[in-house]
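With the sequence shown counted from 1, adding 2 to any position gets you my numbering.
We put the beta carbon where it would ideally sit given N, CA and C, even for glycine.
Presented below is the structure to which this report refers.
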Amino acid sequence: MSYTIAGKKFLNEHVALAVLGTYGALGYLSSGGDKKASASAPAGSKDASSVPTPPINASSSDEEAFIKQFLAEAESKDGQRQV
Numbered sequence: 003m004s005y006t007i008a009g010k011k012f013l014n015e016h017v018a019l020a021v022l023g024t025y026g027a028l029g030y031l032s033s034g035g036d037k038k039a040s041a042s043a044p045a046g047s048k049d050a051s052s053v054p055t056p057p058i059n060a061s062s063s064d065e066e067a068f069i070k071q072f073l074a075e076a077e078s079k080d081g082q083r084q085v
């Protein structure tokens with residue numbers, strides 16, 4: 003069986019190989035890139051200062067203080083548990 007594309011006949015096998023080759027080329031090209039950015043920090047080093055925190059959208063200052071206190075307690079419990 004063959005396909006007619008733009009007035010030319012292409013065999014079924016050639017269409018399949020073209021599709022697989024395109025997927026392979028796209029996968030190869032997408033896996034490349036700058037390796038220096040990911041290699042700059044060691045895998046296990048996560049500082050609390052390097053991790054950005056999301057903004058606290060509290061309706062009042064009391065609510066914001068409660069959220070900050072809760073997060074501080076949760077982080078201290080988490081730190082004690084991993085030691």
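With H, G and I counted as helix, E and B as strand and the rest as coil, what does DSSP make of residue i?
i	result
residue 11	strand
residue 62	coil
residue 6	strand
residue 24	helix
residue 53	coil
residue 79	helix
residue 37	coil
State yes or no: is the C-beta of residue i within less than 8 Å of the C-beta of residue j?
i	j	result
residue 69	residue 76	no
Since residue i and residue j should fall inside the 8 Å C-beta cutoff, what is the C-beta to C-beta distance between them, to a whole number of angstroms?
i	j	result
residue 17	residue 5	6 Å
Measure from the alpha carbon of residue i to the alpha carbon of each residue in the options, then state which is nearest.
i	options	result
residue 56	3, 63, 73 and 82	73
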